[in-house]
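Residue numbers (the working numbering), protein chains in the order written: chain A, 1 to 629; chain B, 1001 to 1096; chain C, 2001 to 2197.
Below you can see the structure in the form of structure tokens.
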């Protein structure tokens, strides 16, 4: 279906243009906003959990509500917040980093986003439609397969399945984009590190999600069709294997994009190239490979036998090596550089510091006897929040402060940002550092209350206090994001004196990204266009910036629409509503499956809508004038 | 892109030949369980013949032999990677 | 390909076909993991029959015949692709239809086989063996059915000359998918049937 007028390259306006958009930048922004909203929902869930645990014998929540909240907190944070935030950055910056005009399959990209949005709505709607999943984000059988309730873990099985399908499509899209659409001269070893990490993440997802998908189908069949995969004569351990074969690569899926972001931030604010670019890239790839070989370290206490436990223990320790390599490379990048402590840099340094703490407690877990003590205690909760929040979220927030000027043409407010950073840093450590102590003192995770007299009250109160500081810090962030969009300081196209290609185009970028596809000659190509090196190896700014529009555009900050020259042979893909139709059909099918047998009708209707969407999609021309029939 | 050198594609006659080959291997496969003399080597024999069929279809019918190296890499990650993963799973569950 | 404006997605001088093929191959790699997980599940439960029917109910001669049918559908598929590359519209249509027909024959055989097994007391819920067998072969059958739908759609598109390689639904990509479904069956036939009798 062709929806727009003759102006292929002008920025379309209105709600409909967002619904039918196939522009990777808009899709990236929609991923980001959706994930941020979900972040606040999941954050509220966490605050309720903290309130319940503030005192011994807490009475804020019932056991049933508590189970739903901690399950949904984990599920939402991992699958609906952190992963899609990664996808937001990848969508926006992969094409810009490699010098392309869009991703390989713009409509499939739109479909991925809509399916993600609809599955998110579906998962959250479970709270009012029969109860949210309550078997933990890990969904261990037999908790997940018992049928005391009607639909809760069906929401888990179907919701996670649909999110997985969306992610697989997005990943195939990113891989195809990076491997086949790079600008001339952009060899694999010249790709910015963030995009490299995006490739590794895409591979991890594409090979681990199908395994999870099979496990979810089996869980769903066990619950609805009486199969015996995990219950009956089946073995619940099979679920643990299938789940962690996905679940462990998943943690690298969550952290690697953040590592990629700080690998962009450190060189920019140290005014030095990334120290050991190939090492950072290859250790990222190594982490990806090794991430597939360590899943059973989540299952030590399931009794795998000494040989398997020793093997997985050693493999897990080894994974610290490439991670350590990266940390040294980041420090090496700052070493001797002209470090400026702008907000993105502060968050990036926060990332490294906190990630190291979380990484070290992770090494403790790789030691089998030690893990037997810590398993299912708050020590583990402290560990993975240090890597995923202290690491992941700090990294992504660094990315937000770093690239906000590219998205909007304006800076985020400095003062609000400082409040955000310090409140978040202090709140984070107050929340999660005490959990190490609580865990070692024997407090078990996932229990909704604890008796008096165990000496746990004080540290729990500290943690609750800290968690509210985190909450307040994110209010500063949200306010900053909203306020700076209209009132922020004008940033121009290259506010940080950046190194990679996205800074060579206006902020926000025009629909077609590049007026002319750049020809790349170096790592950090844009830097080399701005600076030459003198005899002592120091960077010297070149008198004239090549590439025309760079300097001229620094004041507009708003629109790049005037740069539409040389676009005769440029055909941006046309908007399409089929992706959103197909994704909607999939959601209807999903709801139907959750409520079978009554839901079969809805499932059928959904299937018809899906087929309509897909056939319309595969028959419509990609660009309006491509088909002369 | 870098690799533009294509080996020439097979002709229809070759496709028929390959299909004949596949049919013969299948016939041999089916015969194996009925020949008790082969019992000691039945498992490796069947696995090898299955792998030959798998490889033949991928290489010739799917043109992987003639296409870009990139495709081979992308596919073999999954096709080969899956084997050690689940060997370990089955070993730890004492199922082999 | 059209000689005028090449309908490229988002890139000036690029042919879309290698991009699509790269995505298809990585998707097939992903599918290997999908079927690998189910085959592993079957291997885990191959002897857990809960005193119900086990692998002794397999009818090897019958399954060999239907395996042969699916194997030959790979031949007709590659011949369809070959005709398509030579711009032989009629040949393409005939071989596509033949492929779809062989696929339908295979599906009919599978339905017959499933019915037989159910009569002999093996269902999805009889035992872990039954669950994993039906799930694996059922998902494979669903893949075949989807392939048949796409093949038939292409046959109808080719009738009024609307079968383009610029489209997402084209002979080469559907061909790759179809061959993949065939090689999955090669593995299932060996591992699930022949190795268990």
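Using N, Cα and C, we set each Cβ at its ideal position, and we do this for glycine too.
With residue i as the anchor, note down where its alpha helix (DSSP H) starts and where it stops.
i: residue 183 (chain A); result: Neither: residue 183 (chain A) is in no alpha helix (DSSP H) and is coded neither H nor E.
i: residue 396 (chain A); result: 394-408
i: residue 2099 (chain C); result: 2089-2119
i: residue 240 (chain A); result: 236-270
i: residue 418 (chain A); result: 414-440
i: residue 2186 (chain C); result: 2171-2188
i: residue 277 (chain A); result: 277-291
i: residue 1017 (chain B); result: 1012-1031
i: residue 146 (chain A); result: Here residue 146 (chain A) belongs to no alpha helix (DSSP H), and DSSP marks it neither H nor E.
i: residue 2076 (chain C); result: 2060-2085
i: residue 382 (chain A); result: 378-385
i: residue 73 (chain A); result: 63-75
i: residue 109 (chain A); result: 106-125
i: residue 578 (chain A); result: 578-594
i: residue 31 (chain A); result: 24-53
i: residue 346 (chain A); result: 343-366
i: residue 1090 (chain B); result: 1069-1092
Who are the neighbours of residue i on chain B, taking C-beta pairs under 7 Å?
i: residue 2025 (chain C); result: 1071, 1074 and 1075
i: residue 308 (chain A); result: 1092
i: residue 2217 (chain C); result: For residue 2217 (chain C) there is no data in the structure shown, the boundaries of chain C being 2001 and 2197.
i: residue 2079 (chain C); result: 1012 and 1015
Using a cut-off of 8 Å between C-beta atoms, extract the partners of residue i located in chain A.
i: residue 1096 (chain B); result: Within chain A, no residue comes near residue 1096 (chain B); the closest Cβ sits about 13 Å away, beyond 8 Å.
i: residue 2115 (chain C); result: Going along chain A, no residue has its Cβ under 8 Å from residue 2115 (chain C), so there is no contact; the nearest lies around 17 Å.
Give me the chain C residues within the contact set of residue i, using Cβ-Cβ distance strictly less than 8 Å, ordered along the chain.
i: residue 180 (chain A); result: 2014, 2018, 2019 and 2022
How far does the beta strand (DSSP E) with residue i in it reach, from first residue to last?
i: residue 531 (chain A); result: 531-533
i: residue 541 (chain A); result: 539-541
Show which residues of chain C have a CB atom less than 9 Å away from the CB atom of residue i.
i: residue 227 (chain A); result: 2124, 2125, 2128, 2130, 2131, 2132, 2134 and 2135
i: residue 173 (chain A); result: 2023
i: residue 1046 (chain B); result: 2190, 2191, 2194 and 2195
i: residue 585 (chain A); result: In chain order: nothing, as chain C lies at least about 15 Å away.
Name, please, each residue of chain C whose Cβ falls closer than 7 Å to the Cβ of residue i.
i: residue 1050 (chain B); result: 2186, 2187 and 2190
Are the Cβ atoms of residue i and residue j separated by less than 8 Å?
i: residue 575 (chain A); j: residue 112 (chain A); result: no
i: residue 2033 (chain C); j: residue 1050 (chain B); result: no
i: residue 274 (chain A); j: residue 329 (chain A); result: yes
i: residue 90 (chain A); j: residue 257 (chain A); result: yes
i: residue 285 (chain A); j: residue 387 (chain A); result: no
i: residue 231 (chain A); j: residue 222 (chain A); result: yes
i: residue 2055 (chain C); j: residue 2046 (chain C); result: yes
i: residue 158 (chain A); j: residue 116 (chain A); result: no
i: residue 130 (chain A); j: residue 71 (chain A); result: no
i: residue 1038 (chain B); j: residue 2043 (chain C); result: no
i: residue 427 (chain A); j: residue 467 (chain A); result: yes
i: residue 167 (chain A); j: residue 216 (chain A); result: no
i: residue 288 (chain A); j: residue 212 (chain A); result: no
Along chain B, which residues have their Cβ under 8 Å away from the Cβ of residue i?
i: residue 203 (chain A); result: 1077
i: residue 292 (chain A); result: 1081 and 1085
Who are the neighbours of residue i on chain A, taking C-beta pairs under 7 Å?
i: residue 1089 (chain B); result: 241
i: residue 2180 (chain C); result: Simply none; closest approach about 13 Å.
i: residue 2169 (chain C); result: 618
- Okay, do the region 478-489 of chain A and the region 49-63 of chain A touch, 3+ Cβ pairs below 8 Å being the bar? no
- 4-residue-minimum alpha helix (DSSP H) runs that sit fully inside the region 294-329 of chain A, ordered along the chain: 306-318
- Query: What runs of the alpha helix (DSSP H), each 4 residues or longer, lie entirely inside the region 197-232 of chain A?
  - Reply: none
- Message: Is it the case that the region 78-91 of chain A contacts the region 495-508 of chain A, given that we only count it when at least three CB pairs across the two stretches are under 8 Å?
- Response: no
- Message: Does the region 2041-2053 of chain C come into contact with the region 2119-2131 of chain C, if we say contact requires no fewer than three beta-carbon pairs (one atom in each stretch) closer than 8 Å?
- Response: yes
- Is it true that the region 266-277 of chain A meets the region 2171-2184 of chain C, where meeting means three or more beta-carbon pairs spaced less than 8 Å apart? no
- Query: So does the region 96-115 of chain A actually touch the region 41-49 of chain A, counting three or more Cβ pairs closer than 8 Å?
  - Reply: no
- Query: Which runs of the alpha helix (DSSP H) spanning at least 4 residues fall entirely within the region 464-489 of chain A, listed in chain order?
  - Reply: none
- Message: Can you confirm whether the region 246-261 of chain A touches the region 186-194 of chain A when touching is taken to mean that 3 or more C-beta pairs between the two stretches lie within less than 8 Å?
- Response: yes
- Counting pairs of beta carbons, one from the region 601-615 of chain A and one from the region 175-193 of chain A, are three or more of them closer than 8 Å? no
- Message: If contact is defined by three or more beta carbon pairs under 8 Å, each pair taking one atom from either stretch, is the region 503-516 of chain A in contact with the region 86-103 of chain A?
- Response: yes
- Item | Every unbroken beta strand (DSSP E) inside the region 2124-2152 of chain C [3 residues or more] | none
- Task: Indicate whether the contact test is met: 3 or more Cβ pairs, each with one atom in the region 342-354 of chain A and one in the region 397-408 of chain A, closer than 8 Å.
- Result: yes
- Is the region 527-536 of chain A touching the region 301-321 of chain A in the sense that three or more CB pairs, one from each, lie closer than 8 Å? no
- Query: Are the region 369-376 of chain A and the region 332-341 of chain A in contact at 8 Å, needing three or more beta carbon pairs?
  - Reply: no
- Message: Just to confirm the assignment: which complete beta strand (DSSP E) runs, minimum length 3, are found wholly within the region 2010-2058 of chain C?
- Response: none
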